[in-house]
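**Q**
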Amino acid sequence: MSKMKRFALNASVIAGVILGLAACDNELNTIGSDILGADQLNDRIKKQDFDVVAFNEVLGPVQTNNFGSMPLGSYTDPVYGRTDYSFVSQLDLPTSNPSFGIDPVLDSVVINLPYFSTATDFDGEATTYEVDSLYGTEAITLQIYRNNFLLNDFDINDVTSQAVYYSDLGQVIDAQKGALILDHSFYPDSREVIIQSVDEDGEESEIERLSPRLRVQLDRTYWQNVIIDAAGTTGLSSNNNFRNYFRGLYFKVSSITGQGHLSLIDIENATVDFYLKINVQDVSDLDNDGDTDEVNIIDTEFTLSFGGNNVSLFDNSLRDTALTTIIQGADDSSLGEERLYLKGGSGSLVLIDLFGPDLDMNGEADALTEIIANQWIINDASLTFYVDQSAVNAGSTEPERIIIYNYDDNAVLVDYIFDQAADKSGHLGVLERLDIDDGSSQGVKYRVRLTDHITSVLNGDIENVRLAVAVTRNVNSISTSKVKNPNIVDEILTGSAISHEGTILHGNLSSDADKRLKLEIYYSETTN
């Protein structure tokens, strides 16, 4: 299917929509007296449900080299099974052609992988933290290898375009992995990390306090040979050369028990820290002893950052059969589906056509033609997605948010733009649960308001476009990620690409008539 791709709404379209909505407001004010019994306006607001056609679309591998954070771990979805999240990342030098002084001795090498965390208390000395976005309660095994696969900045077939890497790159990375650098089992610790030093007398002193992170010492001999002894060589002469000489680190995850945990790594602040003792000639006589030939031993640090390219790697090998059911096409998508399958990452999303069929074949849904002719004033319009509780009982693991957007150009709807709430909750309702005070209780429904979108369609400001609905980890993450093997869908929102959760919703053909997906419109009639 040929589609024009735009990320943002065209400025002229936005302006037209705003003017159209303003005109609608003015129209409501000016024709208020024409609504029979204006003082009884609430009695004249009517409700009508309209058919929609909603169908599933399986995605497959998605672009994952454009994430601002990096999933790491093993997550078992109650519906869709287990996914292991590994990643590969380049490292960057702090400066070109670094010098380590005379006869450098490497004391230690430490890898730092900070978690996203929130400070919850401070007692004047220690800070208490809570690790954000932590799912699961069991340890995982992490193996770190030297990466031997070259991650390019640009597409090798089109050097004018940025390189795109997908979630299924793991098999290629694993087949070319180099030396094993670390084999470590762990579960994230939410405690503050305290860095201490020990002086010549064995006395400890506190140097620094850090937010929660995975902080592990690495083998000194390996890094002495690979980095310190390579000083002055071409491999360390520039970052470009370094990225070819040392092609980064491959973080491979496996579950110990079949469960494990999943966390998000703050990759932009991750480091590999080198602690060295170097010999430096005191040419400036810094100790004022008159001897400029003496050599002093100085403690120093050298840091490699996780700059350049990084790619999140998904292994869905133990996924449940839910997506297989979709692939086999159990339903007739031309009429809609009984169940709607939403799964983040390389999972699936839902496509929706509003207002039902176009039986007279005039290019416009019959119901939409009727509404336009009636000149209704739209008071409220929404889609309510009911969780299929017979298929999903995931409690706290059910996704809190879904997002709806224009499928044709991957742009958010005008309701999203006009929603002033930071979390867009007026437009994109948070999952409603059986017990609103218990985040582990069963999910009931999501309500998505489309009032401004429907008004804009009726006013002729925008077309009645196909909509896409997806799970999202962050409703504010609305950039796009490519789909490797596009069938109908060739891009999704990045907030969906990085999401790990899934759910099953009632479709427009659900056997439970009360929970079928439909467009609900509250409207006021005008008099002629």
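Residue numbers -22 to -1, 1 to 506, in mature numbering (1 follows the signal peptide of the UniProt record, and there is no 0), belong to the letters of the sequence shown in order.
Heads up, the beta-carbon is just placed ideally off N, CA and C, and yes, glycines get one too.
1) Hey, how far is the Cα of Leu391 from the Cα of Asp136?
2) Restricting to runs no shorter than 4 residues, where is the alpha helix (DSSP H) found entirely within the segment 381 to 460?
3) Just curious, the beta strand (DSSP E) that Leu361 is in, first and last residue?
4) Taking only runs of the alpha helix (DSSP H) that begin and end inside the segment 245 to 300, which ones reach a length of at least 4 residues, in chain order?
5) Going by beta carbon distance, what residues of the same chain come within less than 7 Å of Gln420, once the five residues before and after it are set aside?
6) Taking the alpha-carbon positions, what's the Val150 to Phe127 distance?
7) Measuring straight from C-alpha to C-alpha, what distance separates Ile482 and Lys423?
8) Looking at Ile355 and residue 542, is the spacing between their C-beta atoms short of 8 Å?
9) Count the C-beta pairs between the segment 52 to 72 and the segment 233 to 242 that are closer than 8 Å, then say yes if the count reaches three, no if not.
10) Could you tell me the boundaries of the beta strand (DSSP E) in which Gln140 lies?
11) Rounded to a whole number of angstroms, what is the C-alpha to C-alpha distance between Ile23 and Val435?
12) For the alpha helix (DSSP H) containing Arg187, list its first residue and its last residue.
13) Please classify Arg60: does DSSP put it in a helix, a strand, or coil?
14) Tell me where the beta strand (DSSP E) around Glu348 begins and ends.
15) Spell out a yes or no on whether the segment 36 to 43 and the segment 462 to 471 are touching, meaning 3 or more CB-CB pairs, one atom from each, closer than 8 Å.
16) Tell me which same chain residues have a C-beta within less than 6 Å of the C-beta of Gln121, skipping the five on either side of it?
17) How would you label Val131, buried or exposed, when you count the other beta carbons within 10 angstroms and need 16 or more for buried?
18) Are three or more beta carbon pairs between the segment 397 to 409 and the segment 449 to 457 nearer than 8 Å?
19) Kindly identify the DSSP beta-bridge partner or partners of Asn90.
20) Let me know if Asp474 comes out buried or exposed under the rule of 16 or more other beta-carbons within 10 Å of its beta-carbon.
21) Quick check: is the beta carbon of Asn247 nearer than 8 Å to any beta carbon in chain B?
22) Please name the residue, chosen from Val31, Lys25, Gln26, that lies closest to Asn486 on a Cα-to-Cα basis.
23) Shortest alpha-carbon distance to Tyr144 belongs to which of Leu291, Ala389, Ser312, Lys321?
24) Buried or exposed for Ser488, please, with buried defined as at least 16 other CB atoms from any protein chain shown within 10 angstroms of its CB.
25) When DSSP labels each residue in this structure, what does Thr115 get in the three-state scheme?
26) Excluding five sequence neighbours on each side, which residues of the same chain lie with their C-beta closer than 6 Å to the C-beta of Leu192?
27) Take Glu5 and list the residues in its own chain whose beta-carbon comes closer than 6 Å to its own, dropping the five residues that flank it on each side.
28) Can you give the Cα-Cα distance for Val57 and Ile245, rounded to whole angstroms?
29) Assuming Pro72 contacts Thr281 under a Cβ cut-off of 8 Å, what Cβ separation, rounded to an integer in Å, is found between them?
30) Just reading off the alpha helix (DSSP H) that Ser474 is part of, what are its end residues?
31) Taking the straight line between their C-alpha atoms, what separation do you get for Asp439 and Pro166?
32) Do you know how far the Cα of Gln26 is from the Cα of Ile499?
33) Quick one: Cα of Arg425 to Cα of Asp152, how far?
34) With Ala157 and Tyr107 assumed to form a contact (beta carbons below 8 Å), what rounded beta-carbon distance in angstroms separates them?
35) Over what stretch of residues does the alpha helix (DSSP H) that includes Ala153 continue unbroken?
36) Could you tell me which of Leu471, Ser457, Ile256, Gly323 sits nearest to Asp85, measuring between CA atoms?
**A** Let me spell this out:
1) 33 Å
2) 392 to 396, 429 to 436
3) 355 to 364
4) none
5) Gln367, Asn371, Gly373, Arg411, Leu412
6) Using only the alpha carbons, I get a separation of about 8 Å.
7) 11 Å
8) With the chain covering only -22 through 506, there is no way to say anything about residue 542.
9) yes
10) 136 to 140
11) Computed Cα separation, rounded: 20 Å.
12) Element bounds for Arg187: not the alpha helix (DSSP H) but the beta strand (DSSP E), 182 to 188.
13) strand
14) Run containing Glu348: none in the beta strand (DSSP E); it sits in the alpha helix (DSSP H), 344 to 352.
15) Contact between the segment 36 to 43 and the segment 462 to 471 is present, because at least three Cβ pairs lie under 8 Å.
16) These residues qualify, in order along the chain: Asp161, Lys230.
17) According to the sequence shown, residue 131 is Asp rather than Val. Asp131 should be labelled exposed.
18) yes
19) Arg193, Thr249
20) Per the sequence shown, the amino acid found at residue 474 is Ser instead of Asp. Buried, since its Cβ has 16 or more Cβ neighbours within 10 Å.
21) Here chain B cannot be found, since the structure has a single protein chain.
22) Val31
23) Leu291
24) That one is buried.
25) coil
26) Leu91
27) Caution applies to Glu5, whose pLDDT of 40 falls short of 50 and renders its modelled position unreliable; the model cannot decide the point.
28) Near 29 Å, if we compare the C-alpha coordinates of Ile245 and Val57.
29) 6 Å
30) Ser474 -> alpha helix (DSSP H) spans 472 to 475.
31) 51 Å
32) Rounded to the nearest angstrom, the two C-alpha atoms are 6 Å apart.
33) 42 Å
34) That pair is no contact at about 34 Å.
35) 148 to 153
36) Ile256
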